[in-house]
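Worksheet for the structure shown next.
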Amino acid sequence: MIKTEQTGVHTTITPELRKYINKKIGKLEKYLPKDARESAHGEVFIKESKNKTKAQHTAEVVLRLKHETLTAKETTVNPFAAVDIVEAKLKNQLRKYKDKHTHKKFHHKVLAKMRRRTI
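Under this note's numbering, the first residue of the sequence shown carries the number 2, and numbering increases by one thereafter.
Shown next as structure tokens:
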């Protein structure tokens, strides 16, 4: 489970929203390389801004990893929907991160074996 700190700006985070954030952001751990799981730390900011007609909720997640910092931000009418969209954005970023930072040695060994077989 990714450790998260949750902060409400101009709003309070309800226990239901806090539980929902922990569930959604916490399950992103399965997309991390195993060596980066212990050091992963997330900061979640839920901001509320009031327009003339309606309130807007912004969810921003800053995920600090071993080699990089990933950020995703989304604004919607519903804070739960904003968390869902941010989770989807972070999934894509984490897939790229994992491809970039894992199994380089393994891939080089496999490629070397394949080259030897074709010769």
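Backbone N, C-alpha and C define an ideal beta-carbon position, used for all residues, glycine too. Since we're looking at a predicted model, the values are computed, not measured.
message = Just to confirm, is the Cβ distance from P80 to L29 under 7 Å?
response = Not in contact: P80 and L29 (Cβ atoms no closer than 7 Å).
task = Have a look at I26, T54 and Q57 and flag the residue whose alpha-carbon is nearest the alpha-carbon of L95.
result = For the residues I26, T54 and Q57, the minimum Cα distance to L95 belongs to I26.
query = Taking Cβ positions, are A41 and L66 nearer each other than 7 Å?
reply = Going by C-beta atoms, A41 is nearer than 7 Å to L66.
query = Just the Cα atoms here: how many angstroms apart are H11 and K97?
reply = Answer to the nearest angstrom: the Cα atoms are 33 Å apart.
ask   = Which of the three DSSP states, helix, strand or coil, is assigned to H102?
value = Of the three classes helix, strand and coil, the one that applies to H102 here is helix, per DSSP.
task = For H58, count neighbouring Cβ atoms within 10 angstroms of its own Cβ and tell me buried if that reaches 16, exposed if not.
result = So H58 counts as buried.
key: Distance, T13 Cα to I3 Cα   = If I take the Cα positions, the gap works out to 22 Å.
key: Rounded separation between K99 and T15 - CA only   = The alpha-carbon separation between K99 and T15 amounts to approximately 33 Å.
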